[in-house]
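Participant: The structure under discussion is supplied below as structure tokens; questions concerning it will follow.
There are 2 protein chains.
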Amino acid sequence: MTEQEVLDRIARARARRPRVREERITLAHGAGGKATQNLIEAIFLDAFDDPALAALEDSATVEVDGAHLALTTDSYVVSPLFFPGGCIGDLAVNGTINDLAVAGARPRFLAAGFILEEGFPVAGLTRIAGAMSTAARAAGVRLVTGDTKVVPRGHGDGCYITTTGVGRRDPTVRLGITTARPGDAVLVSGPIGEHGVTVMLARGDLEIDADLVSDTAPLHGLTAALLGSGATVRVMRDATRGGVATVLNELADASGVAVVLEEDTVPVRPAVRGAAELLGIDPLYIACEGRLVAVVDGADQERALAALWDHPLGRDAAVIGRVVADPPGLVLLRTGFGGTRVVDTLVGDPLPRIC
Amino acid sequence: MTEQEVLDRIARARARRPRVREERITLAHGAGGKATQNLIEAIFLDAFDDPALAALEDSATVEVDGAHLALTTDSYVVSPLFFPGGCIGDLAVNGTINDLAVAGARPRFLAAGFILEEGFPVAGLTRIAGAMSTAARAAGVRLVTGDTKVVPRGHGDGCYITTTGVGRRDPTVRLGITTARPGDAVLVSGPIGEHGVTVMLARGDLEIDADLVSDTAPLHGLTAALLGSGATVRVMRDATRGGVATVLNELADASGVAVVLEEDTVPVRPAVRGAAELLGIDPLYIACEGRLVAVVDGADQERALAALWDHPLGRDAAVIGRVVADPPGLVLLRTGFGGTRVVDTLVGDPLPRIC
């Protein structure tokens with residue numbers, strides 16, 4: 482087959498009505514990649530058939546009583562619960578803030594549902610609640626309601642948290658994964674993959690010692706700075722499950738464009754690169770929890786970069802690629818050796834329970 | 482000790498600053514009774530210290546951009562997932578609708594977070610999503626955003642769902658568990674305990690055959706009818722975990738009043754009464770998922786009853802008791818034999834994973 486035939490075959494497969502082939506849920510269904518997408522499209526979109534849900538953004542845009550709101554929910558099942566740089570508590574708060582922030586919304590209120598396993602130490606819960614409180618205060622967000630359930634030993638794993646966020650959206654800001662167009666620049670706000678690698682190493686299964694901490698951070702200040710810079714921003718996403726590669730595949734698919742990345746420009750710390758090599762995973766697929774991926778009009782690239790550099794969370798921001806017309810729906814990487822390869826959507830789950 | 486001394490001792494214990502005595506989480510911490518209250522007050526209220534959270538209502542009252550909202554979240558860990566009359570899906574949707582409805586809010590939007598166990602049948606998830614969709618449509622509520630995580634075998638139990646609801650609140654409606662006053666009437670909208678007993682029987686541990694189905698239902702129509710009746714409504718609650726007894730204890734405590742129930746007037750179906758006797762549990766403690774508890778001004782009792790009777794979900798509504806001044810914080814039951822006993826807050830968890 483020629484390269485074009487391969488590309489055509491991928492495009493045809495993607496255009497098919499999604500269905501779940503497996504009879505049972507696998508870890509891959511929770512990995513944020515192809516299987517997750519299939520599951521969501523085949524089961525949830527089919528059952529609910531709602532335009533806000535079908536937009537498949539990180540948060541839904543709704544209007545109540547004249548107020549423009551963003552609404553988002555995320556369940557956190559990270560293992561271990563505590564890791565260098567954070568814990569499930571601040572991860573849950575920051576993650577929810579970020580899903581609102583990348584919708585251009587100002588995070589306002591949080592709700593939290595806890596599913597605790599019988600036998601979980603009360604001191605651990607106190608520590609998690611403290612971390613959530615600190616993270617919420619730092620971001621000026623109020624946790625106003627919650628729920629606690631306990632499941633018997635062997636039916637949970639210490640503590641699962643589902644956080645939901647409500648934010649106030651500026652209705653004049655137009656963002657969306659369908660709006661990327663050829664000529665746009667693709668930016669990331671800092672080095673990628675630190676959260677994922679940190680959590681993997683914290684499990685202790687690997688005999689690797691790296692001086693890494695999770696990148697978990699609230700991005701609402703950074704997104705506000707970018708939106709306030711005057712640059713035309715088309716898409717903002719935080720690169721969590723499935724990493725930068727998954728975000729870019731989603732937007733290439735939704736916008737009907739291609740993304741060409743320059744490998745040399747993607748910021749990756751040496752410790753992450755080393756651990757990723759040992760794990761056999763491309764850093765592009767590793768979760769970040771405080772890194773912004775933004776697509777801006779190519780003409781505004783410098784202005785956008787300057788705005789990110791000006792913010793403490795964007796000092797290492799970089800342009801990592803560009804949007805082009807063809808082949809639509811694909812993400813390509815130009816390697817340091819001059820080759821080009823397809824950076825496809827994640828299959829399987831190389832890094833389970835990273836968030 | 483005299484009865485007064487016993488009552489004084491209970492009052493003193495209640496006035497103490499709550500702390501969690503146990504080092505580890507037990508099933509009782511999720512039962513909705515004393516241990517849950519302690520956990521919430523000692524850990525979550527301490528960490529978050531927010532007036533909306535501290536109100537300890539079923540939903541939080543917040544304002545965004547001039548809009549008056551109610552926000553609520555609940556995790557569902559019911560076992561089994563499917564039971565006569567419903568499944569975890571409609572239970573989660575109705576339960577969230579009800580937490581908004583009893584705040585006098587009109588439910589508008591839902592978010593759902595799924596924690597699936599590896600190996601869970603895809604057909605089961607499809608069925609659950611279908612039930613959620615049907616329940617949401619029936620109530621005119623849109624599910625607009627969601628999240629799916631998968632945990633390895635042995636770290637979940639098929640499917641846990643956390644639903645969050647956003648409703649529009651009428652700011653002129655004043656409700657709250659601190660507002661009950663002597664002379665008020667206490668009503669329930671129908672027979673109690675059906676959900677809890679149905680789920681217990683569905684587990685098949687008991688050799689009881691009863692023709693019962695869960696009472697899961699959305700209460701927003703019923704609450705709107707009651708509020709629209711012109712009766713002065715002080716408190717509305719749905720009697721879920723911990724049952725009617727727990728709701729009444731919370732409001733007696735928060736309002737500084739006593740509630741006197743007349744046992745003969747509490748509607749309980751014979752099948753529920755029979756199963757409850759075999760289980761050794763007072764039906765007052767058994768969860769309902771579609772029953773409203775309302776406290777209304779005593780002068781408006783007939784008007785309130787008429788409004789409930791007029792609604793399909795309130796045909797068997799009854800006045801079950803009255804608010805009196807003393808002894809503050811207690812719920813008393815006048816039995817059919819002429820005696821009186823204290824109906825205390827639930828200790829332990831006689832019916833785990835009922836919702």
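Same order as they appear, the protein sequences are chains R and Z.
Numbering of the first sequence is given in the numbering used here, commencing with residue 482 and proceeding in unit increments.
Numbering of the second sequence is given in the numbering used here, commencing with residue 482 and proceeding in unit increments.
Even for Gly, the Cβ is constructed at its ideal location relative to N, Cα and C.
Could you tell me which chain R residues have their CB closer than 7 Å to the CB of Val-603/Z, listed as they occur along the chain?
Facilitator: In chain order: Val-501, Glu-503, Glu-504, Arg-505, Ile-506.
Participant: Suppose contacts are defined by Cβ-Cβ distances below 8 Å. Is Ala-683/R in contact with Phe-601/R by that definition?
Facilitator: Against a cut-off of 8 Å, the Cβ pair of Phe-601/R and Ala-683/R comes out as no contact.
Participant: Thinking just about the alpha-carbon of each residue, which of Gly-567/R, Val-501/R, Ser-540/R, Phe-529/R is nearest to the one in Cys-769/R?
Facilitator: Cα-wise, what sits closest to Cys-769/R is Gly-567/R.
Participant: For my contact list, Val-741/Z and Arg-662/Z are in at a C-beta cut-off of 8 Å; report their separation, rounded to the angstrom.
Facilitator: Not confirmed; about 14 Å, so no contact.
Participant: For Asp-580/R, collect the residues of the same chain with a Cβ closer than 6 Å to its Cβ; drop the 5 residues on either side in sequence, then sort them by chain order.
Facilitator: For Asp-580/R, where only same-chain residues beyond five positions count, the Cβ hits under 6 Å are Asp-539, Ser-540, Thr-553.
Participant: Within its chain, find whatever has a CB closer than 7 Å to the CB of Asp-651/R; leave out the 5 residues flanking it on each side and keep chain order.
Facilitator: Excluding positions up to five away in sequence, the list reads Gly-585.
Participant: Is Leu-827/Z near Ala-512/Z, with beta carbons less than 8 Å apart?
Facilitator: For Leu-827/Z and Ala-512/Z, yes; Cβs fall inside 8 Å.
Participant: Quick one: residues in its chain with C-beta nearer than 7 Å to the C-beta of Ala-733/R, no 5 flanking neighbours on either side, listed in chain order?
Facilitator: For Ala-733/R, where only same-chain residues beyond five positions count, the Cβ hits under 7 Å are Ala-739, Val-740, Gly-810, Leu-811, Val-812.
Participant: Contact check, Val-433/R vs Arg-718/R under 8 Å by CB: the rounded distance?
Facilitator: The structure shown does not extend to residue 433/R, since chain R is modelled only from 482 to 836, so the question has no answer here.
Participant: Does any C-beta atom of chain R lie closer than 8 Å to the C-beta of Asp-628/Z?
Facilitator: Yes, because at least one Cβ of chain R sits closer than 8 Å to the Cβ of Asp-628/Z.
Participant: Would you list the one or two residues that DSSP bridges to Asp-628/R?
Facilitator: Answer is Gly-594/R.
Participant: Drop a sphere of 10 angstroms on the beta-carbon of Glu-731/Z, count the other beta-carbons inside from all chains shown, and report buried for 16 or more, exposed for fewer.
Facilitator: Buried, because 16 or more other Cβ atoms sit within 10 Å of the Cβ of Glu-731/Z.
Participant: Glu-599/R CB to nearest chain Z CB: under 8 Å?
Facilitator: Yes, Glu-599/R counts as interfacial toward chain Z.
Participant: Rank Arg-772/R, Val-559/R, Arg-608/R, Arg-587/R by C-alpha distance to the C-alpha of Ala-698/R and give the top, closest one.
Facilitator: It is Arg-772/R whose Cα lies nearest to the Cα of Ala-698/R.
Participant: Determine the closest residue to Val-603/R out of Val-654/Z, Ile-524/Z, Arg-634/Z, with distance taken between C-alpha atoms.
Facilitator: Residue Ile-524/Z is the option with its Cα nearest to Val-603/R.
Participant: Are the CB atoms of Ala-617/R and Leu-591/R within a distance shorter than 8 Å?
Facilitator: Closer than 8 Å, so yes.
Participant: With a cut-off of 8 Å, do at least 3 Cβ pairs link the region 687-698 of chain R to the region 755-763 of chain R?
Facilitator: Because the criterion of three Cβ pairs below 8 Å is met, the region 687-698 of chain R and the region 755-763 of chain R touch.
Participant: Could I get the ranges of all uninterrupted alpha helix (DSSP H) runs contained in the region 668-700 of chain R, with 4 residues as the minimum, in chain order?
Facilitator: If we require 4 residues or more, the alpha helix (DSSP H) runs fully inside the region 668-700 of chain R come out as 675-683.
Participant: So is Thr-746/R buried or exposed if we call it buried at 16+ other beta carbons inside 10 Å?
Facilitator: Counting Cβ neighbours within 10 Å, Thr-746/R comes out exposed, since fewer than 16 surround it.
Participant: With a threshold of 8 Å between beta-carbons, can Val-669/R be considered close to chain Z, or not?
Facilitator: No - not a single Cβ of chain Z is within 8 Å of the one on Val-669/R.
Participant: Identify the continuous beta strand (DSSP E) that holds Leu-572/R and give its terminal residues.
Facilitator: Note, Leu-572/R: premise wrong, no beta strand (DSSP E); alpha helix (DSSP H) at 569-582.
Participant: Whose C-beta lies closer than 8 Å to the C-beta of Val-800/R among residues of the same chain, with five residues either side of it excluded?
Facilitator: So the qualifying residues of the chain are Ala-666, Val-667, Leu-668, Thr-746, Gln-782, Leu-786.
Participant: Are the beta-carbon atoms of Phe-432/R and Ser-614/Z separated by less than 8 Å?
Facilitator: As displayed, chain R neither begins before 482 nor continues past 836, which places residue 432/R out of reach and without an answer.
Participant: For the beta strand (DSSP E) containing Ser-556/Z, name the first residue and the last one.
Facilitator: That run of the beta strand (DSSP E) goes 548-557.
Participant: Mind checking Ala-806/Z: buried by the 16 CB within 10 Å criterion, or exposed?
Facilitator: With fewer than 16 Cβ atoms within 10 Å of its Cβ, Ala-806/Z is classed as exposed.
Participant: Residues of chain R with a CB under 9 Å from the CB of Leu-550/Z: which are they?
Facilitator: The answer, in chain order, is Val-545, Asp-546, Ala-548, Leu-550, Phe-590, Val-647.
Participant: Please classify Gly-817/R: is it buried, with 16 or more other beta-carbons within 10 angstroms of its beta-carbon, or exposed?
Facilitator: So Gly-817/R ends up on the exposed side.
Participant: Give the DSSP bridge partners of Ile-642/R, in chain order.
Facilitator: For Ile-642/R, which the question treats as bridged, DSSP gives the partners Tyr-557/R, Phe-595/R.
Participant: Check whether the Cβ atoms of Glu-675/R and Arg-634/R lie closer than 8 Å to each other.
Facilitator: Contact: no.
Participant: Compute the distance between the beta-carbons of Val-510/R and Arg-587/R, then report whether it is under 8 Å.
Facilitator: The sequence shown places His at residue 510/R, rather than the Val named in the question. No.
Participant: Would you say Phe-595/Z faces chain R, with C-beta separation under 8 Å as the test?
Facilitator: Phe-595/Z counts as touching chain R.
Participant: The alpha helix (DSSP H) that contains Ala-604/Z, what's its start and end?
Facilitator: Segment 603-619, the alpha helix (DSSP H) holding Ala-604/Z.
Participant: Along the chain, where does the alpha helix (DSSP H) that runs through Val-753/R open and close?
Facilitator: Unbroken alpha helix (DSSP H) run through Val-753/R: 751-760.
Participant: Quick one: using the 10 Å Cβ neighbour count with 16 as the cut-off for buried, is Asp-692/Z buried or exposed?
Facilitator: Its Cβ having fewer than 16 others within 10 Å, Asp-692/Z is exposed.
Participant: If the cut-off is 7 Å on Cβ atoms, which residues from the region 730-757 of chain R count as contacting chain A, listed in chain order?
Facilitator: In the structure shown, chain A cannot be found, because the protein chains are R and Z.
Participant: By the 8 Å beta-carbon criterion, what residues does the region 605-623 of chain Z contribute toward chain R?
Facilitator: Hits within the stretch, in order: Leu-606, Thr-607, Ala-610, Gly-611, Met-613, Ser-614, Ala-617, Arg-623.
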